[in-house]
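Quick note, the sequences are listed as chains A and B, same order.
Note that numbering that gives the first Met the number 0 numbers the first sequence so that position 395 is 394, with each residue one more than the last.
Note that numbering that gives the first Met the number 0 numbers the second sequence so that position 156 is 155, with each residue one more than the last.
Ideal placement from N, C-alpha and C gives every residue a C-beta, glycine not left out.
First up is the structure itself, then whatever we jot down about it.
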Amino acid sequence: MTAHSNRKIMSVALGATVAVGLTACGGGGFSGSGDAAPQNTAKGPVNLTMIIGSSGDAETNAVKAATAAWATKTGNTVEVVAAANLSQQLGQAFASTKPPDIFYTDAAQIGTFAKAGNLFAYGDQVKDAGFLPALVKTFTYDNKFWCAPKDYSTLALEINTDLWAKAGLTDADVPKTWEELEAVAKKLTTGKVTGLVIGNDINRSGAFIKQAGGWVVSEDGTKMTATSEPAKAGLAEVQKLMKAGVLKFNTDTSPSTGWGGEALGKGVAAMTIEGNWISGAKKDFPNLKYKVVELPAGPAGKGTLLFSNCWGIAAKSPNHDQTIDLVKSLLATDQQMKFADAFGVMPSTEEGAKAFAEKYPDSAAFVKGGDYAQGPVNLPGFNDVLAKFNSQLATLGKGGDPNAWLAELQKNGTAAIGG
Amino acid sequence: MTPSQQTSAPRQKRGGGIRGREGIAGWLFVSPLVLILGIFLVIPIFMALYVSLTNWQGNGSPFTGGEGAQFVGARNYLDLFTRDGLTRSNFMQSIGNTFYYVLLVVPLQTILALSLALLVNNKMLKAKSFFRTAFYFPSVTSSIAIATVFLFLFSNSGAVNAFLGFFGIDAPQWFSDSRGLLHIMFGWVGVDNPAWAQGDILGRSVWDWLSGPSVAMCVIIFLVVWTTSGTFMLMFIAALQDVPVEVEEAAALDGTSQWQKLRLVTVPMIKPALFLVITLGLIGTWQVFDQIYVMGKGAPAGTTLSPAFLSYQQSFENFQYGSGAAMAFIIFVIIVVLTRIQRRVLTDKDERTPLFRSLRRGGRS
């Protein structure tokens, strides 16, 4: 009897708490997912929130200065938040009723964000800025140009000039083809030094696939091409160099290194393939001397990979008009050059890229890469697909069959495209 | 007359007078706690359970329905087991990894903790408090900090490999070695992916299931055993100090050897502590997350994936919150079932209850 009534009181108490909890979680309706979120216009001065994944104080301060300038000019305010873990914080923010108005969005996440209905597609409204065509393609998913590219970086070949000279090589020997790359890598490999050290995922080896004339996903992003001849040929070249002992992944070197720049700085690599962030290695290794050249061409010509972030605008933001205006001010060439000076990124517009190449001739190879670069796969659900492939690719140094991994990539990717 | 009046009436009659209202007063006093626990613990669990039944993608509230959060029934659960694809293969691999991880960590940490406790509890030992502190120290240090230190210790040119190299041992590249221990042992007897192991269980071949923990996972196992045994040592010490001296003296008078005393007297006397340690061990190990997050996030080749990490990734990286929550509840069920089995094993034969009939009673006690 007592047990019975206890249970009853218990259930009443529980019921009450459930009721309290549910009222707390009510409210906040849904805007339809994906297509055609309406443009929201708030009146009067607004307070915008911006969340960024910053590389450090230099970047945070530069962004703060730029947004403050816009704010004073227009009478609005902008709060800039540097996220500790951008993707997680964004995930939580999207679930709330008031996500930040504007945020960094990685090109690889465009599809995932867009499909969940988190992004407001405004790319066409800022197209006049004159973005690099490759960037427009990178941020286009489902036939919509989602957001304005913020900046970009491409891969190039970095050569340790001391080791280069020591091996008796001159400027004339800079590799232009896969055969020449193989030859110089062989010459540079001595003792503890490996000719070429690259990162262990598709973000480096993928450049060889591009040079072989293909990519893992078709141009329009509707089907997988991971088992195509170029994809196989690209990885076969990586494997060939690896078997010859002249190429290693950064995790396989001894001592193992965090990235190509570290391998170059520590002198375990004579060459590496990295983007313009290589300048960070100079801070860690002040004595490092290197030069940057374009990646050698493969059988199908030149090819490199491109990485980029865009200014994503939240579908749920009530201040679309003002936020787009802010983005326009951030895209101006002189503003983009300020960012470039502060933290070394390349401007996303043709005009900006030209100004950058003139001001930083040492980085010209990165700018040139923009003409033939391939952006990351931006389809939804590809995070896992590529993570799986990368985890397999990382073991290439220990043997294994890259074609089998590509076949699995093809299978998993096809499933992801199908939803 | 409402049912509640009906049930409370006999109580008042029985208790009578001043005592009759004690029950209500009691509930009144605990109500703040019930409310707090309810709001922050019970309700979120039910909310998560509901999310696991939707296809919510993290846009807006999952409870208002609509296009972004449709109710899909048990589909997320079924997909994890029946739908051929990456999610299932990752999830099954993570279950396999964690199975071997638990299989090694729980016995090892229990035995190590018990041995340390027996050592420290020894009356002949001097500087007891020093040793207690030393053994307990890894447990109070942040797991993230220790995991980071281990990254350096076990790196290709780290202290461990330098030490092994000193003895001429060719050490593995710990964090990039995806070979399973059992696979390596099979290799010693010349068995490699044989015909009898080609059958398919839940999307993975029998050979894959039989891989054992990868070399990289072994580092994590070593780390976890080292860090957690200090905590469990404390529990064992507390239990050992409760063992009456007379019992030990009686055993000594009966002429038991040290080993017999341990096996037949000490361990049965500290059985409740043993139960506690193994239960906490089982629960903690199935939920392993932070070490995985720091040490590779599943690399190499997915051999350090754990369901808890995968659930996080599925939710916060891929925005598949429903599927991520479903994973979490499957771990929950695994833990409950294992704890039941373990409780039955540790109970005396004559006190045993059927395995699952008493689930509800167990839950409330």
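Closest Cβ-Cβ distance between residue 93(A) and chain B: below 9 Å? Counting from 1 along the first sequence, the entry for residue 93(A) is found at position 94. It does: the Cβ of residue 93(A) has a partner Cβ on chain B nearer than 9 Å.
Does the distance from the CB of residue 264(A) to the CB of residue 283(A) come in under 9 Å? One-based indexing of the first sequence puts residue 264(A) at position 265. One-based indexing of the first sequence puts residue 283(A) at position 284. Remark: C-beta atoms of residue 264(A) and residue 283(A) approach each other more closely than 9 Å.
Determine which residues of the stretch 294 to 319 of chain B have a Cβ less than 7 Å from any Cβ of chain A, and write them out in chain order. Listed in sequence order: 297, 298, 299, 300, 301, 315, 316, 317 and 318.
Mind checking residue 157(A): buried by the 16 CB within 10 Å criterion, or exposed? For the purposes of this step, residue 157(A) is taken as residue 158 along the first sequence, with counting starting at 1. Looking at its Cβ environment, which holds 16 or more other Cβ atoms inside 10 Å, residue 157(A) is buried.
From residue 342(A) to residue 130(A), what does the alpha carbon distance come to, in whole angstroms? The residue labelled residue 342(A) in the question sits at position 343 within the first sequence. The residue labelled residue 130(A) in the question sits at position 131 within the first sequence. Distance from the CA of residue 342(A) to the CA of residue 130(A), rounded to the nearest whole angstrom, comes to 20 Å.
Beta-carbon spacing of residue 176(B), residue 397(A) below 9 Å: Walking along the second sequence from the start, residue 176(B) turns up at place 177. Walking along the first sequence from the start, residue 397(A) turns up at place 398. Taking 9 Å as the Cβ cut-off, residue 176(B) and residue 397(A) qualify as a contacting pair.
If the cut-off is 7 Å on Cβ atoms, which residues from the stretch 46 to 69 of chain B count as contacting chain A, listed in chain order? Residues are counted here when their Cβ sits less than 7 Å from a Cβ of chain A; for the stretch 46 to 69 of chain B these are 56, 57, 58, 59, 60, 62, 63, 65, 66 and 67, given in chain order.
Can the beta-carbon of residue 84(A) be found closer than 9 Å to that of residue 44(A)? Against the first sequence, residue 84(A) aligns to sequence position 85. Against the first sequence, residue 44(A) aligns to sequence position 45. Going by C-beta atoms, residue 84(A) is not nearer than 9 Å to residue 44(A).
When Cβ atoms are compared, which residues of the stretch 366 to 383 of chain A fall closer than 9 Å to chain B? Going along the stretch 366 to 383 of chain A in chain order, one finds 379, 380, 382 and 383 with a Cβ nearer than 9 Å to chain B.
Short CB-CB distance (under 9 Å) between residue 346(B) and chain A: Along the second sequence, one-based indexing puts residue 346(B) at 347. For residue 346(B), the answer is no, since every Cβ of chain A falls outside 9 Å of its Cβ.
Could you tell me the distance, in whole angstroms, from the CA atom of residue 247(A) to the CA atom of residue 188(A)? Indexing the first sequence from 1 puts residue 247(A) at position 248. Indexing the first sequence from 1 puts residue 188(A) at position 189. In this structure, the straight-line span from the alpha carbon of residue 247(A) to that of residue 188(A) is close to 11 Å.
Give me the residue from 144(A), 127(A) and 65(A) with the minimum Cα distance to residue 110(A). Along the first sequence, read from residue 1 onward, the residue named residue 110(A) stands at position 111. Ranked by how close their Cα comes to the Cα of residue 110(A), the residues 144(A), 127(A) and 65(A) have 144(A) in first place.
Per-residue DSSP class, three states only, for residue 241(B): Numbered from its first residue, the second sequence carries residue 241(B) at position 242. Helix at residue 241(B).
Tell me the residue span of the beta strand (DSSP E) that contains residue 79(A). Taking the first sequence and counting its residues from 1, the one referred to as residue 79(A) is at position 80. 76 to 81 is the span of the beta strand (DSSP E), which, as asked, contains residue 79(A).
Comparing the C-beta of residue 402(A) with each C-beta of chain B, is any distance below 9 Å? Here residue 402(A) corresponds to residue number 403 of the first sequence, with the count starting at 1. At least 9 Å separates the CB of residue 402(A) from every CB of chain B.
Beta-carbon neighbours of residue 393(A), restricted to chain B and to distances below 8 Å: In the first sequence, residue 393(A) corresponds to position 394, counting from 1. In chain order: 175, 298, 299 and 300.
Quick one, which residues of the stretch 209 to 231 of chain A are near chain B if we go by CB-CB under 9 Å, in chain order? Those would be none; no residue qualifies.
I'd like to know if residue 12(A) contacts chain B, where contact means its C-beta is closer than 9 Å to some C-beta of that chain. Locating residue 12(A) in the first sequence gives position 13, where the first residue counts as 1. In this prediction, residue 12(A) scores a pLDDT of 46, lower than 50, which makes its location untrustworthy; no coordinate-derived value is stated.
Does the CB of residue 37(A) have a neighbour CB from chain B at under 9 Å? In the first sequence, residue 37(A) corresponds to position 38, counting from 1. Not an interface residue.
With 16 other Cβ atoms within 10 Å as the buried cut-off, status of residue 0(A): What you label residue 0(A) is simply residue 1 of the first sequence in a count that begins at 1. Here residue 0(A) scores only 39 on pLDDT, less than 50, and its place in the model is too uncertain to base an answer on.
Name the residues in the stretch 136 to 169 of chain B whose C-beta lies less than 7 Å from a C-beta of chain A; which are they? Along the stretch 136 to 169 of chain B, going in chain order, the ones with a CB nearer than 7 Å to a CB of chain A are 154, 155 and 156.
Where are the alpha helix (DSSP H) runs, 4 residues long or more, that stay fully inside the stretch 268 to 352 of chain B, in chain order? List check, alpha helix (DSSP H) in window: 270 to 285, 289 to 293, 306 to 311 and 320 to 345.
Unbroken beta strand (DSSP E) run spanning residue 159(A), endpoints: By one-based count along the first sequence, residue 159(A) stands at place 160. Secondary structure note for residue 159(A): its beta strand (DSSP E) is the uninterrupted segment 155 to 159.
Within chain A, the residues that residue 192(B) reaches when beta carbons sit closer than 8 Å: Counting from one through the second sequence, the residue named residue 192(B) turns up at place 193. Here the premise fails: no neighbours, minimum Cβ distance about 13 Å.
Three-way DSSP call (helix, strand, coil) for residue 204(B) in this model: Counting from one through the second sequence, the residue named residue 204(B) turns up at place 205. If DSSP states are grouped into helix, strand and coil, residue 204(B) belongs with the strands.
Can you give the Cα-Cα distance for residue 105(A) and residue 310(A), rounded to whole angstroms? Reading the first sequence from its first residue, position 106 is the one you call residue 105(A). Reading the first sequence from its first residue, position 311 is the one you call residue 310(A). Computed Cα separation, rounded: 9 Å.
In chain order, what residues of the same chain have a beta carbon less than 6 Å from the beta carbon of residue 154(A), not counting five sequence neighbours either side? What you label residue 154(A) is simply residue 155 of the first sequence in a count that begins at 1. 206, 272, 274, 303 and 304.
Proximity winner among 327(B), 90(B), 127(B) and 282(B), relative to residue 44(B) (alpha-carbon distances): As a first step, residue 44(B) must be located in the second sequence, where it is residue number 45. For residue 44(B), the closest alpha carbon among the candidates 327(B), 90(B), 127(B) and 282(B) is that of 327(B).
Cβ atoms of residue 268(A) and residue 250(A): under 9 Å apart, would you say? Here residue 250(A) is taken as the residue at index 251 of the first sequence, counted from 1. Here residue 268(A) is taken as the residue at index 269 of the first sequence, counted from 1. Not closer than 9 Å, so no.
Under the DSSP definition of a beta bridge, which residues are partnered with residue 223(A)? Counting from one through the first sequence, the residue named residue 223(A) turns up at place 224. The secondary-structure analysis by DSSP pairs residue 223(A) across a beta bridge with 216(A).
is_contact[residue 27(A), chain B] using C-beta, thresh 9 Å: Start at 1 with the first residue of the first sequence, and residue 27(A) comes out as number 28. Only weak support is given to the placement of residue 27(A): the predicted model assigns it a pLDDT of 38, under 50, and the value that follows is read from those uncertain coordinates. True, the Cβ-Cβ gap to chain B drops below 9 Å.
Between which two residues does the alpha helix (DSSP H) carrying residue 114(B) extend? Indexing the second sequence from 1 puts residue 114(B) at position 115. Note, residue 114(B): alpha helix (DSSP H), 85 to 119.
If you draw a straight line from the C-alpha of residue 164(B) to the C-alpha of residue 97(A), how long is it? By one-based count along the second sequence, residue 164(B) stands at place 165. By one-based count along the first sequence, residue 97(A) stands at place 98. CA-CA distance, residue 164(B) to residue 97(A), rounds to 57 Å.
Could you please give the first and the last residue of the uninterrupted alpha helix (DSSP H) stretch that includes residue 184(B)? Reading the second sequence from its first residue, position 185 is the one you call residue 184(B). It spans 180 to 187 - the alpha helix (DSSP H) in which residue 184(B) sits, taken as one unbroken run.
Do residue 229(B) and residue 50(B) have their CB atoms nearer than 9 Å? Position 230 of the second sequence holds residue 229(B). Position 51 of the second sequence holds residue 50(B). Going by C-beta atoms, residue 229(B) is not nearer than 9 Å to residue 50(B).
Identify the continuous beta strand (DSSP E) that holds residue 270(A) and give its terminal residues. Start at 1 with the first residue of the first sequence, and residue 270(A) comes out as number 271. Run containing residue 270(A): 268 to 273, per the beta strand (DSSP E) assignment.
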